[in-house]
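Top to bottom, those sequences are chains U and G. First residue of the first sequence: 1, per my numbering; consecutive thereafter. First residue of the second sequence: 225, per my numbering; consecutive thereafter. For each residue, glycine too, the CB sits at the ideal point set by N, CA and C. Remarks on the structure that follows.
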Amino acid sequence: MADQTDREPRDADQALRFFGRMSASVSHELNNIMTIILEKSGLMTDLAWAMENGRELNPERVREIGESFSRQARRGIELLKHFNHFAHSVDDPAVTFELKALVENIARLAERFAALKKLDMKTELDEAGLNIHGDPFAIRHIIFSCLEAAMAPLAPGGVITISARGAGGDALVHISAAPPPEPALPREIVDSAIKQARTQGAFLDVTHGADAVVMTLTIPRGAC
Amino acid sequence: MAGQKVLLVDDEVEFTKTLSERMEARGIHAHTAANGAEALEKLDAEKFDAIILDMQMPGMDGIETLRRMLEKNPDLQIILLTGYATVGKSVEAMKIGAKDFLEKPANIEELVEKIKLAGNERIALVEKRAEESIRDILKGKSW
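What follows is the structure, given as structure tokens:
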């Protein structure tokens with residue numbers, strides 16, 4: 001992996017923008033969750049008022065509302081857990097981390113971007129651990145750039161698949177866009193991801209198949 | 225105000241379901257749509273006193289939905305519901321023709337008040353259009 005002092009100032013700007021986009025997306029989703037919880041609590045108050053005024057209340061309604069509070073709270077907790085892992089990824093630029101957990105983390109945070117474009121996002125990860133030594137934030141940034149490039153030209157109904165596996169001394173992350181998007185992947189984003197990969201001693205390759213366009217990120221596993 | 229009819233457009237189905245129940249309790253008939261395309265279909269089938277439109281939705285976003293709704297009927301009373309990330313877009317939406325906007329989460333009483341105002345404005349517009357139409361007919365007469 002390259003020493004972090006090798007980074008050009010522009011990379012720092014891009015990294016900050018990436019962090020900002022993720023924070024904005026997560027806070028937007030959390031706002032939606034809190035809005036639902038607030039409306040449900042308002043509904044409880046409305047029902048209490050109706051009961052005070054002689055209306056009978058079906059206990060099933062209260063149970064439904066309670067289940068909704070629970071469902072939304074769990075949704076928020078899961079999102080916050082992923083966002084917390086993401087936020088801590090800037091703590092140390094040279095650390096040993098588990099790649100599949102990282103891929104799952106960034107895929108979960110990118111789901112909302114896919115949903116807004118009506119794309120289906122699949123994550124294919126097996127159980128075996130895959131340790132890497134490097135910068136977990138920079139790797140997240142590269143993978144997100146690939147996801148962003150894959151999502152940009154896809155029409156609603158398109159499928160993004162992300163998978164990770166070991167290959168000798170390397171780890172491979174595949175990001176595919178199906179059906180092959182027309183127009184092609186945005187050159188600017190792909191070039192930026194290739195450049196980011198190089199700063200991490202990694203390599204990004206794009207192949208155009210009949211069924212999908214696949215970006216393959218090859219990451220040396222470092223000291224692991 | 226009783227009997228006013230609104231269309232709630234938001235991809236968070238649990239939100240629209242709850243808000244519509246709360247509106248019904250306040251005498252407003254609320255219909256729901258989970259996306260812009262569904263909302264446009266409902267507009268073809270029914271008339272609404274006001275439309276409550278979320279800005280960020282999958283597929284057709286709030287701005288595009290707003291534009292298409294106003295193409296169908298420029299007199300529609302559309303109130304935007306926006307998360308804090310899209311206030312800039314809300315200003316753009318007001319320029320396109322949205323009547324008002326509220327930040328999510330909105331206070332229900334404030335929302336009901338805005339629906340009431342929108343409904344009154346719609347009635348005033350319908351009356352104005354009818355008056356203009358009668359004036360045009362009278363102008364065409366030869367007496």
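Original post:
Using the beta-carbon count (16 or more within 10 Å), is residue 29 of chain U buried or exposed?
Top reply: Translated into positions along the first sequence, residue 29 of chain U becomes position 29. Buried, since its Cβ has 16 or more Cβ neighbours within 10 Å.
**OP:** Would you mind stating whether residue 301 of chain G and residue 274 of chain G have Cβ atoms separated by less than 9 Å?
**Re:** Here residue 301 of chain G refers to the residue found at position 77 when the second sequence is read from its first residue. Here residue 274 of chain G refers to the residue found at position 50 when the second sequence is read from its first residue. Closer than 9 Å, so yes.
Original post:
Taking only runs of the beta strand (DSSP E) that begin and end inside the stretch 41-108 of chain U, which ones reach a length of at least 3 residues, in chain order?
Top reply: 95-98
Original post:
Are there three or more Cβ pairs, one per stretch, closer than 8 Å when the stretch 205-222 of chain U is compared with the stretch 226-233 of chain G?
Top reply: no
Original post:
Within 10 angstroms of its Cβ, does residue 3 of chain U collect 16 or more other Cβ (buried), or is it exposed?
Top reply: Numbered from 1 along the first sequence, position 3 holds the residue referred to as residue 3 of chain U. Unreliable placement is indicated for residue 3 of chain U, whose pLDDT of 48 sits below 50; the coordinate value is still reported in the next sentence. Label assigned to residue 3 of chain U: exposed.
Original post:
Is the distance from the Cβ of residue 250 of chain G to the Cβ of residue 358 of chain G below 9 Å?
Top reply: Your numbering for residue 250 of chain G matches position 26 in the second sequence. Your numbering for residue 358 of chain G matches position 134 in the second sequence. Contact: no.
**OP:** Inspect the CB distances between the stretch 62-75 of chain U and the stretch 33-52 of chain U and report whether three or more fall short of 8 Å.
**Re:** yes
Subject >> residue 270 of chain G Cβ short of 8 Å to the ligand COA heavy atom set >> reply: The ligand COA is absent from the structure shown, which contains no ligand whatsoever.
**OP:** Measure the alpha-carbon distance for residue 241 of chain G versus residue 45 of chain U and round it to whole angstroms.
**Re:** Taking the second sequence and counting its residues from 1, one reaches residue 241 of chain G at position 17. Taking the first sequence and counting its residues from 1, one reaches residue 45 of chain U at position 45. Cα-Cα distance, rounded: 16 Å.
Original post:
Which one of U/83, U/13, U/128 and U/21 has the shortest CA to CA distance from residue 148 of chain U?
Top reply: Against the first sequence, residue 148 of chain U aligns to sequence position 148. Cα-wise, what sits closest to residue 148 of chain U is U/21.
Original post:
Taking Cβ-Cβ distances below 8 Å as the criterion, which residues of the stretch 100-127 of chain U are in contact with chain G?
Top reply: 115, 116, 117 and 118
**OP:** Residues of the stretch 231-254 of chain G with a CB closer than 7 Å to any CB of chain U: list them in chain order, please.
**Re:** 236, 238, 239, 242, 243, 245, 246 and 249
Subject >> Extent of the continuous alpha helix (DSSP H) to which residue 247 of chain G belongs >> reply: Numbered from its first residue, the second sequence carries residue 247 of chain G at position 23. Segment 237-248, the alpha helix (DSSP H) holding residue 247 of chain G.
Original post:
Name the chain U residues whose beta carbon is nearer than 7 Å to that of residue 332 of chain G?
Top reply: The sequence position of residue 332 of chain G within the second sequence is 108, counting from 1. Ordered by position in chain U, the residues that pass the 7 Å Cβ test against residue 332 of chain G are 42.
Original post:
By how many angstroms is the C-alpha of residue 73 of chain U removed from the C-alpha of residue 248 of chain G?
Top reply: As a first step, residue 248 of chain G is located in the second sequence; it is residue number 24 there, counting from the start. As a first step, residue 73 of chain U is located in the first sequence; it is residue number 73 there, counting from the start. Going from the Cα of residue 248 of chain G to the Cα of residue 73 of chain U covers about 26 Å.
**OP:** Please name the residue in U/100, U/221 and U/196 whose C-alpha comes closest to that of residue 18 of chain U.
**Re:** Translated into the one-based positions of the first sequence, residue 18 of chain U becomes position 18. Ranking U/100, U/221 and U/196 by Cα distance to residue 18 of chain U puts U/196 first.
Subject >> Minimum Cβ-Cβ distance from residue 260 of chain G to chain U less than 9 Å >> reply: The count along the second sequence starts at 1 and reaches residue 260 of chain G at position 36. With 9 Å as the cut-off, residue 260 of chain G does not count as an interface residue toward chain U.
**OP:** Could you check the C-alpha separation between residue 146 of chain U and residue 190 of chain U for me, to the nearest Å?
**Re:** Position 146 of the first sequence, counting from 1, holds the residue named residue 146 of chain U. Position 190 of the first sequence, counting from 1, holds the residue named residue 190 of chain U. Their backbone Cα atoms lie some 7 Å apart in a straight line.
**OP:** Please report the residue range of the alpha helix (DSSP H) in which residue 265 of chain G lies.
**Re:** As a working mapping, residue 265 of chain G is identified with position 41 in the second sequence. Unbroken alpha helix (DSSP H) run through residue 265 of chain G: 260-269.
Subject >> Rounded Cβ spacing between residue 138 of chain U and residue 160 of chain U (contact assumed at less than 8 Å) >> reply: The count along the first sequence starts at 1 and reaches residue 138 of chain U at position 138. The count along the first sequence starts at 1 and reaches residue 160 of chain U at position 160. Contact flag wrong, Cβ pair sits at about 21 Å.
Original post:
What does DSSP give as the partner residues of residue 163 of chain U in its beta bridges?
Top reply: One-based indexing of the first sequence puts residue 163 of chain U at position 163. Partner(s): U/124 and U/174.
**OP:** Report the rounded CA-to-CA distance for residue 354 of chain G versus residue 322 of chain G, giving the unit in angstroms.
**Re:** By one-based count along the second sequence, residue 354 of chain G stands at place 130. By one-based count along the second sequence, residue 322 of chain G stands at place 98. So the alpha carbons of these two residues sit roughly 23 Å apart.
Subject >> residue 205 of chain U (DSSP reduced to helix, strand or coil) >> reply: Walking along the first sequence from the start, residue 205 of chain U turns up at place 205. If DSSP states are grouped into helix, strand and coil, residue 205 of chain U belongs with the strands.
Original post:
Which two residues bound the contiguous beta strand (DSSP E) that contains residue 228 of chain G?
Top reply: If you number the second sequence from 1, residue 228 of chain G lands on position 4. Here the beta strand (DSSP E) through residue 228 of chain G covers 228-233.
Original post:
What in chain G is Cβ-close to residue 60 of chain U, meaning under 9 Å?
Top reply: Against the first sequence, residue 60 of chain U aligns to sequence position 60. Correct list: empty, because the minimum Cβ distance to chain G is about 14 Å.
**OP:** Using the Cα positions of residue 59 of chain U and residue 328 of chain G, report the straight-line distance between them to the nearest angstrom.
**Re:** Here the question's residue 59 of chain U lines up with position 59 in the first sequence. Here the question's residue 328 of chain G lines up with position 104 in the second sequence. Computed Cα separation, rounded: 29 Å.
**OP:** Identify, in the order they occur along the chain, each residue of the same chain with its Cβ nearer than 8 Å to the Cβ of residue 154 of chain U, setting aside the five sequence neighbours on each side.
**Re:** Counting from 1 along the first sequence, the entry for residue 154 of chain U is found at position 154. So the qualifying residues of the chain are 117, 119, 160, 177 and 181.
**OP:** List in chain order: all unbroken alpha helix (DSSP H) runs of 4+ residues lying wholly within the stretch 273-361 of chain G.
**Re:** 286-296 and 311-320
Original post:
If we ignore side chains and look at the alpha-carbon of each, how far apart do residue 112 of chain U and residue 361 of chain G end up?
Top reply: For the purposes of this step, residue 112 of chain U is identified with residue 112 of the first sequence, where counting begins at 1. For the purposes of this step, residue 361 of chain G is identified with residue 137 of the second sequence, where counting begins at 1. So the two alpha carbons sit approximately 53 Å from each other.
Original post:
From which residue to which residue does the alpha helix (DSSP H) around residue 138 of chain U run?
Top reply: Sequence index remark: in the first sequence, residue 138 of chain U carries index 138 (1-based). First-last of the alpha helix (DSSP H) with residue 138 of chain U: 136-151.
Original post:
So, do the stretch 121-141 of chain U and the stretch 160-175 of chain U have three or more beta carbon pairs nearer to each other than 8 Å?
Top reply: yes
Original post:
Tell me the DSSP bridge mates of residue 114 of chain U?
Top reply: Taking the first sequence and counting its residues from 1, one reaches residue 114 of chain U at position 114. Residue 114 of chain U is not bridged to any residue.
**OP:** Note down, in chain order, every chain U residue with its Cβ under 7 Å from the Cβ of residue 283 of chain G.
**Re:** Start at 1 with the first residue of the second sequence, and residue 283 of chain G comes out as number 59. Going along chain U in sequence order, the residues near residue 283 of chain G (Cβ under 7 Å) are 118 and 156.
Original post:
For residue 141 of chain U, does the count of other Cβ atoms within 10 angstroms reach 16, so buried, or fall short, so exposed?
Top reply: Within the first sequence, residue 141 of chain U is the residue found at index 141, counting from 1. That one is buried.
Original post:
Taking the alpha-carbon positions, what's the residue 124 of chain U to residue 143 of chain U distance?
Top reply: In the first sequence, counting from the first residue as 1, residue 124 of chain U sits at position 124. In the first sequence, counting from the first residue as 1, residue 143 of chain U sits at position 143. Computed Cα separation, rounded: 15 Å.
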